[in-house]
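Structure first, then comments.
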Amino acid sequence: MTKLFYAAIIAAFVNNLVLTQSLGMDSFIRNSKDLATSVRIAVSVLFVTVISSLITWPIGRFVLDKLQISFLSTILFLLVEAALVWFVLYVMKKISVNLYEHYKELLALIIINSAVLGIILNNVEVGYSFIRSTVFSIFGAVGFGIAMILMAGVREKIKYNDIPGPFEGVPILLVTAGLMSIAFYGFTGLLL
Amino acid sequence: MKEKKDNIFRRFYYGLWKENPILFLCLGLCPVLAVSTTAEYALAMGAFTTAVLILTNVFVSALKKIIPNEQRLLGYLILAASFTVAGQLFLKAYFPDFSEALGIFVPLTAVNGVIYDRAERCAYVSNPGIALFDAIGTGIGYTFIITLLGAIREIIAFGTIFGIRLIPADYTIPFTALAPGACIILAFIMALANKIRGGHRS
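Protein sequences appear in the order of chains A and B.
Read in my numbering, the first sequence has 175 at position 175, and its numbers run on one by one without any break.
Read in my numbering, the second sequence has 84 at position 84, and its numbers run on one by one without any break.
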């Protein structure tokens, strides 16, 4: 149990996906314009990662490894992810059109989010147990969400600051991400 | 004929500088920041991405009549993932060192934003020839920036470039080999590019 707790803390903070491993950097920079969108993306990433990890772990362990075709994992997992996203969109459309309109654009972005695929591939490649891989997916995605929401908060403040001309736009966000990343390296101290 | 030539040249120039995927479109940042610890790895990653980009772009463009319009993302996805898997096996067979060092970022090329951007904006609406040159231009632009970033990081962090020592080992700043160093150095490269291009506010 303690081990799992440590694994959770490591996945969410110490090895934060975005800030220390640069996974999912694209949506971290491009889609963190305001808090509402960031929360939506964080929730969708969490949902898609956890469900697709629950599906892909057995596939990886019992099918791909057995048949020794684990090199196909990338393409197969991507398809699982895409199928899941389309299924979710279909259900959403049936339940509420309003919800569907909000998430329609985002869920397509989730498929090509490297954080989701990174977590799923990592689970299978490192050879985690089922529980360990589920914990890693949940807290890895939570770490992504934390970084995303923090960034959206900082961005709303940056709007009112006076920034040197060439740094306006993405460069200042990268500097911010760098400073946040230094702060997250501080969490390494939790392990000592 | 002349118009076509102009178009090809323009595509090349756009990919290389005007619409450089990293500097101005900010796509595919994940491998750029993660594997550019040394110039050698950065160059390998850039070359790998370029290869997958060229193949995907040409095939998307050639198969655009077959790929249905509503589900075109799925089409790009399958093509990009297939070429990534093929490339991954090639790398494993002939360059095992790189395959080991680049690790998970090799399969993650399948979800690189540059590929989807080029497929959507160029390959799906033009013929294979233009798609090919667009992919080559974009790929070279991408590789150039990632290698530049890798070279700067390697010089500052380890004092070497492509393994040749420039600065004595005592005077290096290992911090730049970590993620924060990559972000901040890339920010400076982007700012410089914005300055050179001038008047651009993204």
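Note that the Cβ used here is the ideal one computed from N, Cα and C, for glycine as well.
Residue i, buried or exposed, once every other Cβ within 10 Å from all chains shown has been counted against 16
i         : result
Val-116/A : buried
Asn-16/A  : buried
Leu-186/B : buried
Val-125/B : exposed
Leu-33/B  : buried
Ile-163/A : exposed
Lys-64/B  : buried
Val-126/A : exposed
Leu-166/B : exposed
Val-91/A  : exposed
Ser-129/A : exposed
Asp-134/B : buried
Glu-101/A : exposed
Val-97/A  : exposed
Leu-54/A  : exposed
Leu-55/B  : buried
Asn-194/B : buried
Ala-205/A : The first residue shown for chain A is 1 and the last is 192, placing residue 205/A beyond what the model contains.
Asp-26/A  : buried
Asn-69/B  : exposed
Residue i and residue j closer than 8 Å at C-beta
i         : j         : result
Ile-119/A : Thr-20/A  : no
Lys-104/A : Leu-89/A  : yes
Ala-42/B  : Ser-36/B  : yes
Tyr-171/B : Thr-49/B  : no
Thr-224/A : Phe-77/A  : There is no way to answer for residue 224/A, as the model of chain A reaches only from 1 to 192.
Ile-115/B : Leu-149/B : no
Val-10/B  : Asn-57/B  : It is worth fixing the name first, because residue 10/B is Arg in this sequence and not Val. No, these two residues do not count as a Cβ contact at 8 Å.
Val-52/B  : Tyr-76/B  : no
Ile-130/B : Asn-20/B  : no
Gln-88/B  : Val-111/B : no
Ile-145/B : Leu-23/B  : yes
Glu-81/A  : Ser-52/A  : yes
Phe-144/A : Val-14/A  : no
Val-142/A : Ala-12/A  : yes
Ser-254/A : Leu-121/A : In the structure as shown, chain A starts at 1 and stops at 192, and residue 254/A therefore has no counterpart that could be examined.
Pro-31/B  : Leu-108/B : yes
Cys-183/B : Gly-178/A : yes
Ala-151/B : Ala-39/B  : yes
Residue i: CB within 7 Å of a non-hydrogen atom of the ligand PLP
i        : result
Thr-56/A : This structure simply doesn't include the ligand PLP, nor any ligand for that matter.
Exercise. Which whole runs of the beta strand (DSSP E) in the region 12-96 of chain B are 3 residues long or more, in chain order?
Worked result: none
For this session: Could you tell me which uninterrupted beta strand (DSSP E) segments, each at least 3 residues in length, are contained entirely in the region 93-163 of chain B, listed from first to last along the chain?
Result: none
Problem set entry | Segment contact flag, the region 152-159 of chain B with the region 91-100 of chain B, C-beta cutoff 8 Å, min 3 pairs | no
Problem set entry | 3-residue-minimum beta strand (DSSP E) runs that sit fully inside the region 24-95 of chain A, ordered along the chain | none
Problem set entry | Sequence ranges, alpha helix (DSSP H) only - wholly within the region 98-163 of chain A, length at least 4 | 114-126 and 130-158
Problem set entry | the region 65-75 of chain A touching the region 150-169 of chain A, judged by at least three CB pairs closer than 8 Å | no
Problem set entry | Stretch-stretch touch, CB-based, cutoff 8 Å, three pairs: the region 93-110 of chain A with the region 136-148 of chain A | no
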